[in-house]
Amino acid sequence: MMKHVLLAALLCLTAAQAEAAYRARVLVAPGPFHGVHGLAFGPDGALYAADIMGATIHKVDVATGRVRTAVASPEGMADDVAFAPAGTPFAGTMVWTAVTVGKLYAKAPGGKARVLAENLPNINTVGFAPDGTLYVTQTGPANKVLWRADLSGKVPPEKLWEATGGLNGFVIAADGFLYGPQADLGQVVRLDLKSMEIQILATGFDWPTAVEMDKAGVLYVLDFNAGTVTQLNKDTAEKTIIATLKPGVDNMAMNPAGDKLYISSIGDNGIYEIELATRKLREIVRGRLTAPGGVTVLNGAIYIADMFTLRKVDATTGAVSDVMPISGAGAYPATAQRGRMNDKDVLLTASWFTGRVQVIDPASGSILREEKDFIAPHDVVTDDAGALVVAEAGAKRITRVMADGAREIIAEGFLYPVGLARIGGTLYVTDAEGGTVTAVDLGTKSRKIIADKLLRPEGIAALADGSLAVVDSAAQIVWNVNPVTGARNEIATRADVGLTPPAPLAQSWIFNGIAEGPDGALVLPSDMHAGVFVLRPADGPTSTLDALRRLTSGLFR
């Protein structure tokens, strides 16, 4: 409790200092993670947490909630993490799966990270048998495979088993069986690691993502979509729900004593503890946002694409709520825009991860329209006729989608177009790799570069005074750009943006969006620390946050 009081006090102090000196304030407090995935206890007794979007493995003190960095970016990207058991040849070696780059890493105690295997798309879960044998799975649409890996790195991984359902967070028991969930099939299975024969133990789950086993051999099943922790008798298939959390729970770890379960939550961006004897639930640590990217303002409320779901933020209090429920098969929005269709205000999201664009009712959160099969769409707006205009970064073009689904290319030949803003019949496009802002006439399709030599322009917003705000994430600068002359000046310097993912991923990994708030202030999400800032232009450049970084770095490093 004292830690949370201290954090609140520091953030309040930071906001007051920033407002007085820099005309900036914290709206949503930063968090320690960018989404929590795999969990494992290390030989030191600490809990290690995998973080895909932040490309970091964190070390968590479960007693105090203090979070430190165990493996930093870029090697630290991990979907799951495990430790070689005591008494085995590589005891204490940490192994993890870099899911988005298809690599399996290992790090001996006191050693450096090394690549054990690569070219494994959608590599997911990693775990050890009691004898120290290492197993790893792939769970992508085209890769549902179990591998045995050599921890020395001398022998390539051996494919053991392939199925129609992906095998997620598994556990290997002393009886020689692997127990794990197949999320896409809604079931838990037992796999004989000698014969590779599979047995279905239980069905009827929504999206099960992990299992754990206590010392008595009782299984516990985590359901991502339902948010439930279910006790499962592996012999009778009897199921008992022992805890219900918010949807978006991803993985589990049993403590060394075997009397407590630790749950990772993407939905809450945190970690929870369940005391098995009493079923008491305790929050260890959490953030308010996960990977805040694109942002828009509609009817006085702030909407943020938080990668795993679309969230709503109260512009006054900073309170966060979900617009849509988080789901294992969700849309994964990277950007958010307001649009106008059929004389109604709507929300628009684009997801480079799923290749989808969605039109959402802001009141109900329901999906009004969905368009698929774009190539890494990064942003979307509507034109005067209500057609969708999409920045297809992967295809290096801008595409318009009519009401009947017909598509036309408006402009192409960009290097990596990511951000869109519209003023009347003119579309403004940021090219993250080209370093430009380009004006495109939506009628004639003619184009003109109005700003160049930027380092990595991403988010762009049309302001009430007719100018543009542009986030140059690599330079950590927010620019004010005249759309006619191209003249620009700094609104904010040392902005808390510019998180860099591992190669070969696009640098706009978490999109750095910006929007004008209901009172004319600028809303700037932070991909660096998963928070949100409000900037009010002063006479000179506004710094977002040397002070904030100094205060929060001591808590979250």
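The working numbering puts the sequence shown at residues 962 to 1518. For glycine and all other residues, C-beta sits at the position ideal for the given N, C-alpha and C.
Legend entry - Residues of its chain near Y1293, where Cβ-Cβ distance is below 7 Å and the 5 sequence neighbours each way are ignored: M1268, F1269, S1312, F1314 and T1315
Legend entry - Cβ neighbours of L1206 in the same chain (closer than 7 Å, five flanking residues each side left out): G1188, I1224, S1226 and Y1233
Inset, instruction - Compare the beta carbon distance of A1372 and G1355 with 7 Å and say whether it is the shorter of the two. - result: no
Legend entry - Three-state secondary structure assigned by DSSP to L1496: strand
Legend entry - Residues near I1321 in its chain [Cβ-Cβ closer than 8 Å; skip 5 each side]: L1271, V1284, M1285, V1307, L1308, L1309, T1310, S1327, I1328 and L1329
Legend entry - Coarse secondary structure for G1088, derived from DSSP in three states: strand
Inset, instruction - Would you check if there are 3 or more beta carbon pairs closer than 8 Å linking the region 1468-1479 to the region 1429-1439? - result: yes
Inset, instruction - Kindly indicate the opening and closing residues of the beta strand (DSSP E) around G1213. - result: Note that residue 1213 is Met in the sequence shown, not Gly. V1210 to M1215 is the span of the beta strand (DSSP E), which, as asked, contains M1213.
Inset, instruction - Find out if the Cβ-Cβ distance for the pair G1474, G1255 is shorter than 7 Å. - result: yes
Inset, instruction - Look at the Cβ atom of R1361, then the Cβ atom of A1348, and state whether they are nearer than 7 Å. - result: yes
Legend entry - 7 Å Cβ cutoff met for A1016 and G996: no
Legend entry - Beta-bridge pairing of S1487 - partner residues as DSSP gives them: Paired residue(s): G1492.
Inset, instruction - Return yes when the Cβ of L1081 is within less than 7 Å of the Cβ of G1053, no when it is not. - result: no
Legend entry - For L1146, three-class secondary structure by DSSP: helix
Inset, instruction - Give, in chain order, every unbroken run of the beta strand (DSSP E) that is at least 3 residues long and sits entirely within the region 1288-1314. - result: Runs of the beta strand (DSSP E) inside the region 1288-1314: 1296-1302 and 1305-1312.
Inset, instruction - Compare the C-alpha of N1129 against each of G1141, S1325, F1472 and K1120 and name the closest. - result: G1141
Legend entry - Residue burial classification, E1173 (beta-carbon count within 10 angstroms, cutoff 16): buried
Inset, instruction - Give me the Cβ distance between F1166 and Q1148, rounded to the nearest whole Å; I'm assuming they're in contact under 8 Å. - result: 7 Å
Legend entry - Reduced DSSP secondary structure (H/G/I, E/B, other) of G1219: coil
Inset, instruction - Would you identify the three-state DSSP class for A1356, choosing helix, strand or coil? - result: helix
Legend entry - C-alpha gap between S1487 and A1198, whole angstroms: One alpha carbon belongs to S1487, the other to A1198, and they sit about 45 Å apart.
Legend entry - Nearest-angstrom Cα separation, counted from L1008 out to D1022: Spanning the alpha carbons of D1022 and L1008 requires a straight line of approximately 7 Å.
Legend entry - Reduced DSSP category for R1408 - H, G, I as helix; E, B as strand; rest coil: strand
Legend entry - Burial state of K1105, where buried means 16 or more other Cβ atoms lie within 10 Å: buried
Legend entry - Residues of its chain near R1240, where Cβ-Cβ distance is below 8 Å and the 5 sequence neighbours each way are ignored: Cβ within range, chain order: I1203 and A1204.
Inset, instruction - Please confirm whether V1379 and T1391 have their CB atoms less than 7 Å apart. - result: yes
Inset, instruction - Check whether the Cβ atoms of K1406 and A1400 lie closer than 7 Å to each other. - result: no
Legend entry - Strand pairing of W1440, partner residues [DSSP]: V1431 and E1451
Inset, instruction - Would you mind reading off the limits of the beta strand (DSSP E) that contains N1104? - result: Start and end: N1104 to A1110.
Inset, instruction - For the beta strand (DSSP E) holding S1469, just list the boundary residues, first then last. - result: In the DSSP annotation of this structure, S1469 is not part of any beta strand (DSSP E), being labelled neither H nor E.
Inset, instruction - Taking all protein chains shown into account, decide if P1169 is buried (16 or more other Cβ within 10 angstroms of its Cβ) or exposed. - result: P1169 should be labelled buried.
Inset, instruction - Please list, in chain order, all residues of the same chain as L1107 whose beta carbon is under 7 Å from its beta carbon, the five residues on each side excluded. - result: For L1107, where only same-chain residues beyond five positions count, the Cβ hits under 7 Å are Y1096, T1098, L1121, W1122 and L1128.
Legend entry - Residue environment, F1472, which counts as buried when at least 16 other CB atoms sit within 10 Å: buried
Inset, instruction - Mind checking which residues open and close the beta strand (DSSP E) that includes I1263? - result: Looking at the DSSP string, the run of the beta strand (DSSP E) that includes I1263 is A1262 to A1266.
Inset, instruction - For S1113, count neighbouring Cβ atoms within 10 angstroms of its own Cβ and tell me buried if that reaches 16, exposed if not. - result: By the 10 Å Cβ count, S1113 comes out exposed.
Inset, instruction - Using only alpha-carbon positions, find the residue among V1281, N1212 and R986 that is nearest to L1000. - result: N1212
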